[in-house]
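Trainee: This is the structure I want to talk about, given as structure tokens.
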Amino acid sequence: MDRRTPPDTAEGWYMLHDFRTVDWDAWREAPARRRERALADGVAYLEAAEAVADADSGGSTSVAVLGHEADLCFIHLRPTLSDLNALERRFERTELAAFTEHSDSYVSVTEASGYGGANDYFDPDAEADPGMKRYIESRLHPDIPDADYVSFYPMDKRRDSEYNWYDLPFDERAEHMSSHGDIGKTYAGKVRQIISGSAGLDDHEWGVTLFADDPADIKDLLYEMRFDPSSSKFAEFGRFRIGRQFEPAKLGAYMAG
Amino acid sequence: MDRRTPPDTAEGWYMLHDFRTVDWDAWREAPARRRERALADGVAYLEAAEAVADADSGGSTSVAVLGHEADLCFIHLRPTLSDLNALERRFERTELAAFTEHSDSYVSVTEASGYGGANDYFDPDAEADPGMKRYIESRLHPDIPDADYVSFYPMDKRRDSEYNWYDLPFDERAEHMSSHGDIGKTYAGKVRQIISGSAGLDDHEWGVTLFADDPADIKDLLYEMRFDPSSSKFAEFGRFRIGRQFEPAKLGAYMAG
Amino acid sequence: MDRRTPPDTAEGWYMLHDFRTVDWDAWREAPARRRERALADGVAYLEAAEAVADADSGGSTSVAVLGHEADLCFIHLRPTLSDLNALERRFERTELAAFTEHSDSYVSVTEASGYGGANDYFDPDAEADPGMKRYIESRLHPDIPDADYVSFYPMDKRRDSEYNWYDLPFDERAEHMSSHGDIGKTYAGKVRQIISGSAGLDDHEWGVTLFADDPADIKDLLYEMRFDPSSSKFAEFGRFRIGRQFEPAKLGAYMAG
Amino acid sequence: MDRRTPPDTAEGWYMLHDFRTVDWDAWREAPARRRERALADGVAYLEAAEAVADADSGGSTSVAVLGHEADLCFIHLRPTLSDLNALERRFERTELAAFTEHSDSYVSVTEASGYGGANDYFDPDAEADPGMKRYIESRLHPDIPDADYVSFYPMDKRRDSEYNWYDLPFDERAEHMSSHGDIGKTYAGKVRQIISGSAGLDDHEWGVTLFADDPADIKDLLYEMRFDPSSSKFAEFGRFRIGRQFEPAKLGAYMAG
Amino acid sequence: MDRRTPPDTAEGWYMLHDFRTVDWDAWREAPARRRERALADGVAYLEAAEAVADADSGGSTSVAVLGHEADLCFIHLRPTLSDLNALERRFERTELAAFTEHSDSYVSVTEASGYGGANDYFDPDAEADPGMKRYIESRLHPDIPDADYVSFYPMDKRRDSEYNWYDLPFDERAEHMSSHGDIGKTYAGKVRQIISGSAGLDDHEWGVTLFADDPADIKDLLYEMRFDPSSSKFAEFGRFRIGRQFEPAKLGAYMAG
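Residue numbers (our numbering), protein chains in the order written: chain A, 5 to 261; chain B, 5 to 261; chain C, 5 to 261; chain D, 5 to 261; chain E, 5 to 261.
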């Protein structure tokens with residue numbers, strides 16, 4: 005029945021994109037004292053999250069999101085889904101949470117796939133190249149890039165009668181991934197990414213989080229990739245969100261407008 | 005007019021996935037006494053449900069769901085739809101319900117199909133293998149697996165002009181199901197499932213509920229299956245929800261964050 | 005330009021599926037007296053509707069719906085759309101309405117089509133068989149079946165480039181309808197149906213309302229039909245809702261949980 | 005690059021379908037005096053709109069809509085979009101508006117196309133037939149038909165790889181339009197229509213508003229047309245709404261239920 | 005793997021379409037003094053935005069939107085996404101914001117593509133024609149046209165198996181763009197446009213903002229373009245919004261109805 009060979013995958017940290025809208029009317033009208041308490045709570049929550057005070061390893065960051073769908077996005081990377089659930093719940097205990105709605109979210113886990121050079125990493129009989137090992141490890145347990153802007157979108161590979169990614173032979177997929185990666189490399193130093201898988205965890209198959217100081221680089225990268233068959237023929241995109249990364253201490257400035 | 009032979013099916017318990025979001029603002033601001041009453045009510049409801057105090061047989065469990073679409077999911081298995089309706093209604097009488105919204109749900113009935121080895125089970129003239137009988141019985145009246153994580157998604161089989169599951173000959177479908185099942189078997193002990201049918205009961209044709217201690221096993225299983233033609237060509241997936249199973253007594257800890 | 009011959013159709017009563025969610029929080033917290041008044045109002049409304057006190061002919065029934073999309077569904081059959089609009093409006097005058105939201109609805113009219121044996125009924129020059137006349141009359145002005153469960157879904161016939169129902173020759177459609185009907189007949193006594201057309205009245209082309217004492221019969225019927233080309237190739241389904249029929253006098257028991 | 009010839013079009017009045025849901029709970033509980041003021045305001049608004057007190061020409065009418073998506077629809081025809089915006093805004097100044105939500109709307113402009121006999125009308129060198137001129141003028145500046153029921157739906161012409169209306173040669177489209185019109189003519193006196201274009205104005209390409217004393221005629225017309233290739237192959241339909249036309253003076257009776 | 009050549013692109017100002025619905029009930033019932041303060045705040049905000057008091061360059065305008073999805077749209081063009089985020093936030097500090105909901109938005113950046121004559125502009129070895137340079141500069145840093153009406157819609161290029169824009173050779177795409185542009189030129193002086201790219205910034209690939217004194221010109225332009233293969237075969241459109249441009253000083257008149 006023509007079952008195709010899946011690539012090996014390795015998983016690292018679980019990842020939560022926790023989007024919130026702010027109730028600006030309530031914020032504007034709240035007494036200064038309550039706002040101060042809310043900010044103190046919020047900053048403490050974000051600083052503890054970024055310091056990974058709640059787990060052995062991971063990372064967190066905060067994003068001021070443009071547009072009506074969200075105002076804030078907290079991104080958390082942690083060893084378990086329970087850690088993420090605890091972080092999600094902990095925020096609800098802050099006074100700041102009273103001024104927000106939980107408008108969107110995405111649950112995934114960092115992932116590396118055994119296409120191309122990464123193959124040896126997954127072969128128990130092969131000795132993987134130490135550079136490749138470090139590279140894959142950096143994808144599974146990434147430092148959150150220190151860049152001004154963050155773009156997030158979920159995506160799927162198509163399963164149409166004409167464009168069916170999952171019905172392609174392994175080698176063809178590997179070639180696509182390699183060509184796709186080649187474009188990415190030309191943006192090295194300009195755009196960095198965290199790729200996370202989400203089959204069984206959320207509505208799409210992957211989440212992509214891009215970091216760049218210049219958002220036009222993100223647009224250029226995505227536009228260029230769209231002409232590559234791995235995207236033009238085989239990618240289906242969900243919603244796109246863009247925002248500005250900020251340090252916890254800047255939360256007050258953000259909320260002040 | 006080329007009508008295809010449907011498989012025989014057997015149905016067991018009706019199944020309700022009852023998703024709730026929590027109004028965390030109201031919870032945070034409620035007096036301690038009211039929260040205690042709500043928790044006592046909630047725990048009593050969940051314990052009675054898990055003890056199946058309301059019916060002759062069945063099972064229930066509670067899940068803490070990640071993401072913005074739901075915070076809690078109560079899963080109930082019972083002999084009749086009326087039993088499920090009563091459970092749904094009974095929850096609304098608890099003080100806890102005042103802190104929740106009924107944000108999502110899925111109605112289905114556990115199902116076994118007469119493809120492959122199960123064929124004899126459905127043949128009145130054949131003597132079904134006792135092992136097969138026990139296996140099918142365990143699918144229709146399942147114990148809820150004791151695993152840390154639960155993933156739920158509804159799905160349909162495609163009826164495209166190219167990929168039309170319902171227009172395939174019986175034997176071809178049986179072969180697909182068998183190949184599909186073979187993948188599942190390689191995850192034996194790691195991922196357990198409850199399959200329920202929902203034609204005429206809810207918006208999709210089936211519900212799938214997966215249980216695993218390691219959610220990466222769920223992701224790996226689904227990803228691997230996506231390369232099998234039964235999924236790559238013939239499956240259409242709805243929303244995916246993931247959460248952590250918890251005992252009723254832990255409700256207070258969950259609500260406390 | 006290849007215009008295809010439509011079947012003759014006859015229309016009977018207009019049909020409203022009026023879905024309501026209940027605000028259980030408000031209900032739980034309402035004073036007993038207010039709840040009693042609301043129940044008295046609700047029962048009186050439903051009894052008058054079922055007695056067709058407002059029109060010369062028709063029928064009404066009440067359904068307790070499972071899942072989050074609706075809690076109650078009132079189904080009304082009446083000679084005119086104005087009758088239905090009046091019933092919809094009249095409910096809003098009851099005290100019970102204050103505890104409900106109008107969450108969903110479907111507007112249609114009972115319909116019989118001149119495919120197969122029904123052809124003569126529509127032929128002014130033919131003398132229709134008295135049995136057929138009675139059968140068609142019973143489809144246009146149906147008694148609401150006295151069965152425990154009710155399933156409702158809207159549907160369309162496909163107009164794809166490959167599967168275009170409206171581009172099939174009349175005889176081919178008649179054959180499909182006959183094959184489709186043959187499956188239905190094997191469920192005689194177990195599942196009864198009301199078919200209503202809704203082109204120009206609501207978002208889909210037809211509404212289907214199924215009645216059965218055992219909801220598994222509804223699932224089995226729909227599943228079996230899905231393998232018939234009239235469904236597998238030509239049917240597109242909307243949402244599915246299932247519930248339990250109840251007598252007006254039982255409204256209090258339902259609301260009590 | 006195979007650009008196809010568009011038909012000439014003429015535009016007349018801009019058209020707003022302004023759908024409102026009524027907050028029946030607020031209405032039921034409002035003091036009689038406030039309801040009277042709201043009704044007086046509402047009737048005055050509707051009478052002024054129908055008298056076209058705000059512009060040189062046009063027309064307005066009111067519809068009691070069935071189902072949960074809307075309770076009222078105000079249809080306005082006016083020389084400019086600014087006129088429509090003013091009417092939309094003016095309603096918000098009435099006391100009645102406090103009892104409504106603006107749940108849906110459609111913005112379009114009456115349109116006539118130069119297919120078939122209408123061709124000469126658009127040809128600067130041809131002398132159009134006076135009857136044709138009157139006919140086109142009546143489509144651009146229509147009297148709102150005095151019929152009991154009104155059905156509204158937006159629609160698009162398909163641009164599929166197989167069924168691409170915009171890639172058909174002009175003559176083929178003209179033939180389709182003529183065949184389509186022939187069906188309409190068989191309903192003359194039973195169903196009247198206002199066709200309005202909305203490219204760039206709202207989400208679909210056209211709005212269709214049908215008027216009939218018997219809603220079954222609307223259903224029959226649409227069903228019959230669905231077998232004509234102009235619909236079966238080339239039409240994509242949006243939502244459908246049906247309601248009963250009423251005179252401003254009857255607003256109180258409608259609100260009373 | 006058949007990667008196609010993307011065009012060069014240049015980006016100019018970031019662009020925010022910030023749609024708001026007005027809570028007319030709250031507005032109607034607010035004390036005159038509060039309304040005056042809200043208007044004063046709103047006018048000051050809009051005047052400062054149009055004067056680009058917050059950045060070195062850019063532009064802003066206000067639109068009164070028809071229909072239920074939005075009442076107001078503020079369009080901002082600025083050098084950075086942070087500038088836009090600040091403007092979005094600043095509005096929330098006005099008293100006027102308390103009367104609005106943030107119902108919709110679109111984030112993009114003005115874009116010019118190196119198809120056709122613009123090619124030289126992007127060629128580091130070529131000397132671009134000064135007229136072309138000025139033209140491209142005017143697209144990247146546009147004056148907001150002084151026209152009565154504004155239409156906005158997002159769009160994508162299709163990636164179907166039959167109509168796949170991103171799989172066309174460069175020259176074919178260039179020819180399509182040129183043919184598309186030729187239609188636009190016939191509307192010179194009647195319809196002006198701002199084209200902005202949004203890959204990675206929002207849900208679609210481009211935003212199109214059209215300006216015209218006569219909205220029928222917008223409809224005619226879009227309808228005519230729909231017969232051009234660049235649209236008929238390769239364009240997928242999102243929502244369409246239309247409104248009337250107004251000066252900040254007219255805000256009071258608009259809110260008064």
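Note that CB positions come from ideal geometry on N, CA and C, so glycine has one too.
Is the beta carbon of residue 63 of chain B sitting closer than 7 Å to the one on residue 187 of chain B?
Mentor: Cβ distance not < 7 Å, so residue 63 of chain B and residue 187 of chain B don't count as in contact.
Trainee: Can you tell me the Cα-Cα spacing of residue 70 of chain E and residue 232 of chain A, whole angstroms?
Mentor: Roughly 40 Å between the two C-alpha positions.
Trainee: Which of the residues in the stretch 93 to 127 of chain C, read from start to end, lie with their CB under 7 Å from any CB of chain D?
Mentor: Here the close residues are 93, 94, 96, 97, 101, 102, 106, 107, 108, 109, 111 and 113.
Trainee: Return the chain-ordered list of same chain residues with a C-beta closer than 6 Å to the C-beta of residue 272 of chain B, the five sequence neighbours on each side being excluded.
Mentor: Residue 272 of chain B is absent from the model: chain B starts at 5 and stops at 261.
Trainee: Can a CB atom of chain E be found closer than 7 Å to the CB of residue 6 of chain D?
Mentor: Output row for residue 6 of chain D: interface = yes.
Trainee: Is it true that the stretch 82 to 95 of chain E meets the stretch 132 to 150 of chain D, where meeting means three or more beta-carbon pairs spaced less than 8 Å apart?
Mentor: The answer is no - the stretch 132 to 150 of chain D does not touch the stretch 82 to 95 of chain E, with fewer than three Cβ pairs under 8 Å.
Trainee: Please tell me whether residue 172 of chain C has its Cβ less than 7 Å away from any Cβ of chain D.
Mentor: It does not: the Cβ of residue 172 of chain C has no partner Cβ on chain D nearer than 7 Å.
Trainee: Quick one, which of D:156, D:238, D:72 and D:164 has its alpha-carbon nearest residue 181 of chain D's?
Mentor: Residue D:238 is the option with its Cα nearest to residue 181 of chain D.
Trainee: Using a Cβ-Cβ cut-off of less than 7 Å, list which residues of the stretch 150 to 178 of chain E approach chain D; keep chain order.
Mentor: Hits within the stretch, in order: 153, 155, 164, 166 and 167.
Trainee: Please name the residue, chosen from A:103, A:101, A:107 and A:57, that lies closest to residue 3 of chain A on a Cα-to-Cα basis.
Mentor: Shown here, chain A extends from 5 to 261; a query on residue 3 of chain A therefore has no answer.
Trainee: How big is the Cα-Cα spacing for residue 68 of chain C and residue 79 of chain A?
Mentor: Straight-line Cα distance between these residues: approximately 42 Å.
Trainee: Residues of chain B with CB closer than 8 Å to the CB of residue 10 of chain A, please, in chain order.
Mentor: Going along chain B in sequence order, the residues near residue 10 of chain A (Cβ under 8 Å) are 227, 228, 230 and 231.
Trainee: What's the C-alpha gap between residue 252 of chain E and residue 42 of chain E?
Mentor: Distance between the alpha carbons of residue 252 of chain E and residue 42 of chain E: 13 Å.
Trainee: Go ahead and label residue 128 of chain A buried or exposed: buried means 16 or more other beta carbons lie within 10 angstroms of its beta carbon, across all protein chains shown.
Mentor: Answer is exposed; the Cβ neighbour count stays below 16.
Trainee: Residue 160 of chain E and residue 209 of chain E look like a contact to me (Cβ under 8 Å); what is the Cβ gap, rounded to whole Å?
Mentor: Rounded, the Cβ-Cβ distance is 5 Å, consistent with contact.
Trainee: Note down the Cα distance separating residue 255 of chain A from residue 28 of chain A, rounded to an integer number of angstroms.
Mentor: When rounded, the distance between both Cα atoms is 14 Å.
Trainee: Say whether chain F places a C-beta atom closer than 7 Å to the C-beta of residue 203 of chain E.
Mentor: Of the chains in the structure shown, none is chain F; the protein chains are A, B, C, D and E.
Trainee: Which chain D residues sit within Cβ distance under 7 Å of residue 86 of chain C?
Mentor: By Cβ distance, chain D contributes 248.
Trainee: Residue ranges of each alpha helix (DSSP H) run of no fewer than 4 residues wholly in the stretch 124 to 160 of chain D, ordered along the chain?
Mentor: For the stretch 124 to 160 of chain D, whole alpha helix (DSSP H) runs of length 4 or above, ordered along the chain, are 134 to 144.
Trainee: Give me whichever residues DSSP pairs with residue 96 of chain C in a beta bridge.
Mentor: None, per the DSSP bridge assignment.
Trainee: I need the DSSP call for residue 8 of chain C, collapsed to helix, strand or coil.
Mentor: It is coil, neither helix nor strand.
Trainee: Can you tell me the Cα-Cα spacing of residue 202 of chain E and residue 211 of chain E, whole angstroms?
Mentor: Whole-angstrom Cα-Cα distance: 7 Å.
Trainee: Between residue 219 of chain A and the rest of its own chain, which residues show a CB-CB distance below 6 Å, the 5 nearest in sequence each way excluded?
Mentor: The answer, listed in chain order, is 153.
Trainee: Starting from the C-beta of residue 167 of chain C, find all residues in its chain whose C-beta is less than 7 Å away, skip the five residues before and the five after it, and write them out in chain order.
Mentor: Closer than 7 Å at Cβ, skipping near neighbours: 237 and 238.
Trainee: DSSP three-state call for residue 115 of chain A: helix, strand or coil?
Mentor: Looking at residue 115 of chain A - three-state DSSP - the assignment turns out to be strand.
Trainee: What would DSSP say about residue 23 of chain B, mapped onto helix, strand or coil?
Mentor: Three-state result, residue 23 of chain B: strand.
Trainee: Can you give me the C-alpha to C-alpha distance between residue 46 of chain D and residue 234 of chain D, rounded to a whole angstrom?
Mentor: Going by the C-alpha atoms only, they are around 41 Å apart.
Trainee: Mapping the DSSP letters down to three states, classify residue 250 of chain D as helix, strand or coil.
Mentor: Strand at residue 250 of chain D.
Trainee: So, for residue 240 of chain B: in the same chain, excluding its five sequence neighbours on each side, which residues have a beta-carbon less than 7 Å away from its beta-carbon?
Mentor: So the qualifying residues of the chain are 159, 160 and 162.
Trainee: Cα-Cα, which of C:204, C:206, C:75 and C:192 is closest to residue 214 of chain C?
Mentor: That would be C:192, whose Cα lies nearest to the Cα of residue 214 of chain C.
Trainee: Just curious, the alpha helix (DSSP H) that residue 195 of chain C is in, first and last residue?
Mentor: No alpha helix (DSSP H) contains residue 195 of chain C, which is instead part of the beta strand (DSSP E) from 195 to 201.
Trainee: On the DSSP bridge assignment, give the partners of residue 76 of chain E in chain order.
Mentor: Beta-bridge pairing links residue 76 of chain E to E:24 and E:68.
Trainee: What residues of chain B sit near residue 3 of chain C, judged by a beta carbon separation below 9 Å?
Mentor: With chain C covering 5 to 261 only, the question about residue 3 of chain C has no answer from this structure.
Trainee: Can you list, in chain order, the residues of its chain with a C-beta nearer than 8 Å to that of residue 136 of chain C? Leave out the 5 residues immediately preceding and following it.
Mentor: Once the five neighbours on either side are set aside, the close Cβ partners of residue 136 of chain C are 121, 122, 124 and 125.
Trainee: Does any CB atom of chain B fall closer than 7 Å to the CB of residue 70 of chain C?
Mentor: Closer than 7 Å: yes.
Trainee: By the three-class DSSP mapping on this structure, what secondary structure does residue 244 of chain E have?
Mentor: Here residue 244 of chain E sits in coil by DSSP.
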